[in-house]
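Q: Quick one: the structure is below, questions incoming.
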Amino acid sequence: MKRVGRIVVGAIALAGFCALAAGAILTSKHGQAKEDGRPAEEDGGSTSKVPVVATPVREMVFESRVVVSGNVEAKRFALVSARIPGSLDAVFVDEGDVVETGKTRLFQTDSVKLSKAVELASQQLTVAECSVREKQANLEQSIAQNDQAAKDLERYRELARKNAVSAQMFEQQGTQVRQAEAMVKHKRALIALAEAELEQARLSLKIAEKDLADSLVVAPIDGRVSERMKEPGEMAAAGTPVVKIEDLSVLEVSVYAPEEFYSQVEPGKTQMRIRVGNTDLGSRPVSYKSPTVHTKLRTFEVKGIIENPPQGVVPGCLAEIAIVLDSRSGVGVPTAAIQQRSNRAVVFAVDGDRVQMVPVEAGREMEGWTEIQSGPLPAGAAVVTLGQTLIEDGTAVSLVKEGKE
467 MKRVGRIVVG AIALAGFCAL AAGAILTSKH GQAKEDGRPA EEDGGSTSKV PVVATPVREM
527 VFESRVVVSG NVEAKRFALV SARIPGSLDA VFVDEGDVVE TGKTRLFQTD SVKLSKAVEL
587 ASQQLTVAEC SVREKQANLE QSIAQNDQAA KDLERYRELA RKNAVSAQMF EQQGTQVRQA
647 EAMVKHKRAL IALAEAELEQ ARLSLKIAEK DLADSLVVAP IDGRVSERMK EPGEMAAAGT
707 PVVKIEDLSV LEVSVYAPEE FYSQVEPGKT QMRIRVGNTD LGSRPVSYKS PTVHTKLRTF
767 EVKGIIENPP QGVVPGCLAE IAIVLDSRSG VGVPTAAIQQ RSNRAVVFAV DGDRVQMVPV
827 EAGREMEGWT EIQSGPLPAG AAVVTLGQTL IEDGTAVSLV KEGKE
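Mapped onto my numbering, the consecutive letters of the sequence shown carry residue numbers 467 to 871.
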């Protein structure tokens, strides 16, 4: 129905213009007839003027560009998962909450179990410390026994010289000394083992404390919570996101451009014109170009940064983007002014009350205007943009109205 409506409106407009042209011709003839004092029908040699609309030619910049649609995304975001798997004790944030790096609590897992693990590790550390002290006391006892055995051996040696004791008793005392020395070595080894166990207990306590600390997850970046994926009581596995945080202060647009334009896009140089809804974000340089082309889609990704975006521009919005590949200045005419006569492109330039047919070579087209690459059309000249189908080179015309530049 909309298409039919447009056709009807166009037909009415064309009929109105034709009626206006016919009226102007009749008026011209009637006026001339009055001046000559004879009926208009008798003046077959009079020249009528064709009413036309003309628009000034103008200097403008023509661009080679690719217009594509893309998405607004957060430049920085975090999918936050549990470091320690377990049941979620609490989720402290809701969607939309503002979070601060290292300060805002997000959620906690299995805190009771991990707290008990810390207590157990602390008790094991105490036991290990006591074991070291016990082994040290045993060593002191063995050292004392060894010293006593050594002194007894010296006395037995003197007695043996005097034949006061038998050789067997002297040898037995020597054996006791060696046994006492071996016992001292054994006790020293036990102390080394106990000290190693003590260090192991210290490390176990640190690990338990770290696990307890890791069970409470805080915000890794500044931003807002955009998604809350789990609730208290659910299991949170390592690597499974619980909340998503997005930094809304720096956004980026992501689009996919056709493969044939890959070599023409240069990060840092090529400009992107970005519009999100009714918000014009102006021109921004390309910040990223994919190093590869998608083998199936034959497209490549292009991104641009949006710092401090205005209100209403948020991740998920649809963006209309024009990637400007090249631009040059030139003379432009309305595209409707270009006609095909004798298999060549021409425009009708207004010269006084007549028109001159000017052959032209058309270049780039942009927003209803076409670049004229060759043809004697200086900026400021006027070309016919309505009524051009009724005229030829040298036709007399009258300007009904002049189009805006």
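Glycine included, C-beta positions come from ideal geometry on N, C-alpha and C.
Just so it is clear, the structure is predicted and the values come from calculations on it, not from any experiment.
Between the segment 542-557 and the segment 710-723, do at least 3 Cβ pairs fall closer than 8 Å?
A: Yes: the two stretches touch, three or more of their Cβ pairs being nearer than 8 Å.
Q: With distances taken Cα to Cα, identify the nearest neighbour of Val721 among Ile789, Val564, Gly798 and Arg531.
A: Position 255 of the sequence shown, counting from 1, holds the residue named residue 721. When only C-alpha atoms are compared, the closest one is Ile789.
Q: Apart from the five residues just before and just after Ala490, which ones in its own chain have a Cβ nearer than 6 Å to its Cβ?
A: As a working note, residue 490 is residue 24 in the sequence shown. Note on Ala490: pLDDT 43, under 50, position unreliable in the model; the coordinate value appears next. Result list for Ala490: Pro517, in chain order.
Q: Got a sec? Which residues, its chain only, sit under 8 Å from Arg764 by beta carbon, not counting five neighbours each side?
A: Here the question's residue 764 lines up with position 298 in the sequence shown. Pro724 and Glu725.
Q: Do Gly796 and Val527 come within 9 Å of each other at the CB atom, strictly closer than that value?
A: Counting from 1 along the sequence shown, the entry for residue 527 is found at position 61. Counting from 1 along the sequence shown, the entry for residue 796 is found at position 330. Yes, the pair counts as a contact, with Cβ atoms nearer than the cut-off.
Q: Ignore the nearest five residues each way along the sequence and tell me which others in Val643's own chain have a CB closer than 6 Å to its CB.
A: Here the question's residue 643 lines up with position 177 in the sequence shown. Result list for Val643: Ala615, Ala616 and Leu619, in chain order.
Q: Kindly indicate which residue of Val759, Pro751 and Gly829 has the alpha-carbon position closest to the one of Tyr728.
A: Counting from one through the sequence shown, the residue named residue 728 turns up at place 262. Of Val759, Pro751 and Gly829, the residue nearest in Cα terms is Val759.
Q: Are three or more beta carbon pairs between the segment 730-747 and the segment 682-690 nearer than 8 Å?
A: Not touching, per the Cβ criterion.
Q: Using only alpha-carbon positions, find the residue among Glu525, Ala603, Asn537 and Val523 that is nearest to Ala660.
A: Your numbering for residue 660 matches position 194 in the sequence shown. Checking every option, the nearest Cα to that of Ala660 belongs to Ala603.
Q: What's the call for Asn744, buried or exposed, on a 16-neighbour Cβ count within 10 Å?
A: To locate residue 744, count along the sequence shown from 1; it is residue 278. So Asn744 counts as exposed.
Q: Which residue spans inside the segment 703-759 form an unbroken beta strand (DSSP E) run of at least 3?
A: The segment 703-759 contains these whole beta strand (DSSP E) runs: 707-712, 716-724, 737-742 and 745-755.
Q: Of the choices Gln645, Val799 and Leu682, whose alpha-carbon is the least far from that of Ser553?
A: Taking the sequence shown and counting its residues from 1, one reaches residue 553 at position 87. Cα-wise, what sits closest to Ser553 is Leu682.
Q: May I have a chain-ordered list of the alpha helix (DSSP H) segments no shorter than 4 residues that lie completely inside the segment 603-637?
A: Segments of the alpha helix (DSSP H) lying fully in the segment 603-637: there are none.
Q: Is Val799 near Val523, with beta carbons less than 9 Å apart?
A: Here the question's residue 799 lines up with position 333 in the sequence shown. Here the question's residue 523 lines up with position 57 in the sequence shown. Their beta carbons are under 9 Å apart, which means Val799 touches Val523 by this criterion.
Q: Bridge partners for Asp792 per DSSP, in chain order?
A: Here residue 792 refers to the residue found at position 326 when the sequence shown is read from its first residue. Partner(s): Ser530.
Q: Specify whether the segment 590-607 and the segment 654-670 touch according to this definition: at least 3 beta carbon pairs, one from each stretch, less than 8 Å apart.
A: At 8 Å Cβ cutoff, the stretches touch.
Q: Ordered along the chain, which non-local residues of its own chain (more than five positions away) have a Cβ less than 6 Å from that of Ile771?
A: The residue labelled residue 771 in the question sits at position 305 within the sequence shown. So the list reads Glu718 and Ser753, once near-sequence residues are dropped.
Q: Output needed for Ile657: all residues of its chain with C-beta closer than 8 Å, excluding positions within five of it in sequence on either side, in chain order.
A: Taking the sequence shown and counting its residues from 1, one reaches residue 657 at position 191. Closer than 8 Å at the Cβ level, and outside the excluded window around Ile657, lie Val598, Lys601, Gln602 and Leu605.
Q: Less than 7 Å between C-beta atoms, sequence neighbours within five positions excluded: which residues of the same chain meet that for Pro776?
A: Within the sequence shown, residue 776 is the residue found at index 310, counting from 1. So the qualifying residues of the chain are Thr745.
Q: What residue from Asp819, Ile804 and Ser808 has the CA that sits closest to Ala828's CA?
A: As a position in the sequence shown, residue 828 is number 362, starting the count at 1. Ranking Asp819, Ile804 and Ser808 by Cα distance to Ala828 puts Ile804 first.
Q: Could you tell me the distance, in whole angstroms, from the CA atom of Arg807 to the CA atom of Val849?
A: Here residue 807 refers to the residue found at position 341 when the sequence shown is read from its first residue. Here residue 849 refers to the residue found at position 383 when the sequence shown is read from its first residue. Arg807 and Val849: Cα-Cα distance of roughly 16 Å.
Q: Can you list, in chain order, the residues of its chain with a C-beta nearer than 6 Å to that of Gly782? Leave out the 5 residues immediately preceding and following it.
A: By 1-based counting over the sequence shown, the position of residue 782 is 316. Cβ neighbours of Gly782 beyond the five flanking positions: none.
Q: Can you name, in chain order, every residue of its own chain whose Cβ lies under 6 Å from the Cβ of Ala583, other than the five neighbours on each side?
A: Here the question's residue 583 lines up with position 117 in the sequence shown. Here the set comprises Ala674.
Q: With 16 as the cutoff for other CB atoms within 10 Å, does Asn629 come out buried or exposed?
A: In the sequence shown, the residue the question calls residue 629 occupies position 163. Exposed, because fewer than 16 other Cβ atoms sit within 10 Å of the Cβ of Asn629.
Q: So the candidates are Gly834, Gln611 and Gly536; which of them puts its Cα closest to the Cα of Lys651?
A: Residue 651 sits at position 185 when you count from the first residue of the sequence shown. Among Gly834, Gln611 and Gly536, the Cα nearest to that of Lys651 belongs to Gln611.
Q: DSSP on Asp819, reduced to helix/strand/coil?
A: Taking the first residue of the sequence shown as position 1, residue 819 is located at position 353. Residue state, collapsed to three classes: coil.
Q: Using the three-state DSSP reduction, which class does Tyr663 fall into: helix, strand or coil?
A: On the sequence shown, residue 663 is found 197 positions in, with the first residue counted as 1. The question names Tyr, but residue 663 in the sequence shown is Glu. If DSSP states are grouped into helix, strand and coil, Glu663 belongs with the helices.
Q: Check whether the Cβ atoms of Val824 and Pro842 lie closer than 9 Å to each other.
A: By 1-based counting over the sequence shown, the position of residue 824 is 358. By 1-based counting over the sequence shown, the position of residue 842 is 376. Going by C-beta atoms, Val824 is nearer than 9 Å to Pro842.
Q: Taking the alpha carbon of Pro751 as the reference point, which residue from Lys735, Ala667, Pro757 and Phe766 has its own alpha carbon closest?
A: Counting from one through the sequence shown, the residue named residue 751 turns up at place 285. Answer by Cα proximity: Lys735.
Q: I'd like to know whether the C-beta atoms of Val593 and Ala667 end up nearer to each other than 9 Å.
A: The residue labelled residue 593 in the question sits at position 127 within the sequence shown. The residue labelled residue 667 in the question sits at position 201 within the sequence shown. For Val593 and Ala667, yes; Cβs fall inside 9 Å.
Q: Per DSSP, which residues does Met695 bridge with? Please list them.
A: Against the sequence shown, residue 695 aligns to sequence position 229. Note: Met695 sits in no beta bridge, so no partner.
Q: Span of the beta strand (DSSP E) holding Gln854?
A: Residue numbering aside, residue 854 sits at position 388 when the sequence shown is read from its first letter. From DSSP, Gln854 is part of no beta strand (DSSP E); its letter is neither H nor E.
Q: Could you name the residues that DSSP lists as bridge partners for Pro800?
A: Indexing the sequence shown from 1 puts residue 800 at position 334. DSSP, once it has assigned bridges, lists Trp835 as partnering Pro800.
Q: With H, G and I counted as helix, E and B as strand and the rest as coil, what does DSSP make of Ser864?
A: As a first step, residue 864 must be located in the sequence shown, where it is residue number 398. Residue state, collapsed to three classes: strand.
Q: For Ala646, which residues from the same chain have a beta carbon less than 6 Å from its beta carbon, with the 5 sequence-adjacent residues on both sides left out?
A: The residue labelled residue 646 in the question sits at position 180 within the sequence shown. Correct list, in chain order: Gln611, Asn612 and Ala615.
Q: What does the Cβ neighbour count give for Ala847, buried or exposed, with the cut at 16 atoms within 10 Å?
A: Sequence index remark: in the sequence shown, residue 847 carries index 381 (1-based). Ala847 comes out buried.
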